[in-house]
Amino acid sequence: MYNLGDEFLKFHNKKVKLLYTEKQKLRNLKKLNLDRLKAGLNEINEEEDKFYKIIKTYEQGSVAMNTVTQNDNNEYDIDIAVIFEKDNIPNQPLDARKLVADALKRKCTNFAEEPTARTNAVTVWYKEGYHVDFAVYRQYEDDWENTIREHGGVNWIARDPTAITEWFNNAVKDKSPKTEFGATVEFGQMKRIVRLLKMFCKSRLSWSLPGGLIISVLVEECYKPDYHRDDVTFYNTIQAICNRLQSSLDVYNPIHTNLLLNVKEEHTNKIRRLKEKLEEKLEYLEVLFEYDCTEKKAMKAWKNFFNHDYWKYEKTIEKSSNYARSDFVYGQYFLDVDVSVYFEKHGRVPIWGLDYKCNYIMKKKWIKFVASHNIPYPYNIKWEVYNSGDEAKENNDMYHVTEGTNLTQWESTAYRGKHELVCSIVKNGSVVARKVCEINIA
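In the working numbering, each number is its position in the sequence shown, counted from 1, plus 52.
Next comes the structure, spelled out in structure tokens:
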């Protein structure tokens with residue numbers, strides 16, 4: 053296999069692993085929102101003569117496991133477990149989550165969307181794409197003085213808030229090659245492979261592939277260490293994952309090994325798509341094993357795999373765009389389309405317009421398109437949506453159209469990918485103006 057081991061490590065360290073400044077930003081958001089939660093609880097205590105108090109907190113998820121990548125498009129879930137005494141929190145899990153949500157709402161002012169009590173956590177939303185998720189736990193001692201912690205989902209379920217992180221860190225420590233046994237690679241190779249595979253899963257806007265825990269479990273299960281090269285380890289591991297998914301798409305919780313992580317069909321579909329994408333891209337990597345493979349050919353193969361400019365043999369930077377551009381106007385007519393993003397349909401305060409610093413829009417938001425023109429009535433306006441990507445294809449929604457005279461059109465950001473909204477004004481049976489809005493959804 054053509055040796056690009058040094059380039060692989062540089063790629064990981066420069067373009068994949070989360071930068072220290074970004075990591076500090078996440079830690080600061082965690083502290084800020086914990087302080088808000090505690091202050092909100094104190095306010096409730098004073099008003100209602102209660103004694104709600106958080107006795108312990110734990111960082112969870114990819115931030116705790118240190119597997120967040122630079123390619124997450126600010127889709128960072130900052131997961132925090134907050135522990136209360138059982139006798140000092142509402143008995144019903146939903147009421148406990150509502151308490152936490154209420155405390156946060158009191159201190160999360162001027163947010164476009166209020167903190168939300170969801171099924172498994174209370175979420176604080178940031179317009180940049182960050183999510184801070186508070187998982188609510190209660191703690192008590194059983195008859196044998198064992199400390200029991202229960203997570204508040206639909207019901208209270210016994211769960212250790214640190215178990216997943218400890219499982220992963222122990223696996224990295226135990227399975228990664230060690231210098232005392234002759235390894236020349238940096239320690240923590242398995243964690244680098246997880247980050248690299250997560251980077252691959254996020255490499256195309258149109259893809260909808262599994263999240264971090266499923267990726268971590270698959271890598272741990274199929275990991276093939278190499279003591280001298282990360283590129284060999286990565287190739288052998290993703291090949292093993294492909295073979296593993298050929299036999300079954302089911303992935304199980306590493307702690308509660310009888311529980312599926314892909315309970316929902318949409319999760320299974322994401323795993324199936326991962327298998328298909330890996331199979332497709334592994335074919336392009338076969339050139340690495342040819343006797344006449346060159347550095348240029350090898351770089352091109354990994355460029356095709358990761359879809360990242362780092363792997364361009366002659367490095368050039370392509371500009372991405374997410375703005376409206378005019379395709380056609382007739383005579384003295386003009387047409388412009390203003391684009392803004394909202395948390396909810398018919399929202400009053402926009403999150404941002406497309407002059408915002410990011411060149412993508414998050415899923416589960418609403419986009420408001422407003423046309424302005426100088427074309428005299430009568431006319432007809434046609435709003436056409438051209439979708440792309442896995443999710444739109446599976447929902448049979450690659451194209452839809454709305455016609456009438458309405459100058460405003462709302463569309464949801466339901467699918468990852470590169471999409472287009474085309475606004476056309478038709479007069480006397482002919483298109484006299486057209487504007488195309490390119491929309492990238494992550």
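Virtual Cβ for every residue (Gly too), placed ideally from N, Cα, C. Bear in mind that the values here come from a model prediction, so they are computed numbers and not experimental data.
Which same chain residues end up closer than 8 angstroms to residue i when comparing Cβ atoms and leaving out the 5 residues on each side of it in sequence?
i    : result
G92  : D154, A155, L156, K157, R158 and K159
V284 : M53, G57 and D278
P213 : Y110, Q112, A133, I135, A187, Y189, R201 and H203
K417 : V393, Y394, F395, I403, S464 and T465
K409 : Residue placement at K409 is poorly supported in this model, since its pLDDT is 40, which falls under 50; the coordinates are not used for a value here.
E370 : Because the pLDDT of E370 is 37, which lies under 50, any placement of that residue in the model is unreliable, and the question is left without a value.
Buried or exposed: which applies to residue i, given that a residue is buried once 16 or more other Cβ atoms fall within 10 Å of its Cβ?
i    : result
I491 : buried
Q76  : exposed
R247 : buried
R281 : buried
S482 : exposed
Y104 : buried
V184 : buried
G469 : buried
Y451 : exposed
T289 : buried
Y412 : buried
V453 : exposed
P167 : buried
Y275 : buried
K108 : exposed
Note down the Cα distance separating residue i from residue j, rounded to an integer number of angstroms.
i    : j    : result
G57  : D147 : 52 angstroms
R256 : S440 : 11 angstroms
N295 : Q122 : 28 angstroms
T457 : C345 : 59 angstroms
V120 : Y128 : 8 angstroms
H64  : Y182 : 23 angstroms
K487 : V474 : 6 angstroms
G205 : A173 : 7 angstroms
K364 : K355 : 6 angstroms
K55  : L61  : In the sequence under discussion, the amino acid at residue 55 is Asn, which differs from the Lys named in the question. Roughly 12 angstroms separates the two Cα atoms.
S300 : V389 : 48 angstroms
N305 : K316 : 14 angstroms
E342 : A223 : 34 angstroms
M414 : L78  : 18 angstroms
V176 : D195 : 37 angstroms
L312 : I433 : 48 angstroms
R377 : F421 : At R377 the pLDDT is 41, less than 50, meaning the model places this residue with poor confidence; the figure from the coordinates comes in the next sentence. Distance between the alpha carbons of R377 and F421 is about 13 angstroms.
Y287 : D87  : 44 angstroms
K69  : S114 : 12 angstroms
F252 : P262 : 11 angstroms
Please name the residue or residues paired with residue i in a DSSP beta bridge.
i    : result
W418 : Y394 and S464
V176 : V184
E165 : Paired residues: none, contrary to the question.
T199 : E193
K69  : T121
D388 : S424
I413 : I493
F136 : I106 and R190
G469 : I493
Could you give the DSSP three-state label for residue i: helix, strand or coil?
i    : result
K105 : coil
F233 : helix
Y287 : helix
D407 : With a pLDDT of 42 at D407, under the threshold of 50, the modelled position of this residue cannot be trusted; read the value that follows with caution. The answer is coil: DSSP assigns D407 none of H, G, I, E or B.
V483 : strand
L248 : helix
W435 : strand
E342 : coil
T217 : helix
D449 : coil
H425 : strand
V206 : coil
R324 : helix
D302 : coil
I141 : coil
G263 : coil
L334 : helix
I96  : helix
I130 : strand
G399 : coil
Here's a check: name, in chain order, each residue in its chain whose Cβ is nearer than 7 angstroms to the Cβ of residue i, leaving out the five neighbours to either side.
i    : result
T217 : Q112, A116 and M117
I307 : A215, I216 and W219
I427 : Y385, I477, K479, V484 and A485
P229 : A235, V237, Q241, P277 and Y279
N359 : S255 and R256
Short of 6 angstroms in beta carbon distance, which residues of its chain neighbour residue i, apart from the five on each side in sequence? Order them along the chain.
i    : result
I141 : A148 and R190
V339 : C345, K349 and A353
K333 : F357
K367 : Note that K367 has pLDDT 45, beneath the 50 cutoff, so the model's placement of it is unreliable and the number below is only indicative. Here the set comprises nothing.
Report whether the distance from the Cβ of residue i to the nearest heavy atom of the ligand GTP is below 7 angstroms.
i    : result
I132 : Within the structure as shown, the ligand GTP is missing, as the structure has no ligands at all.
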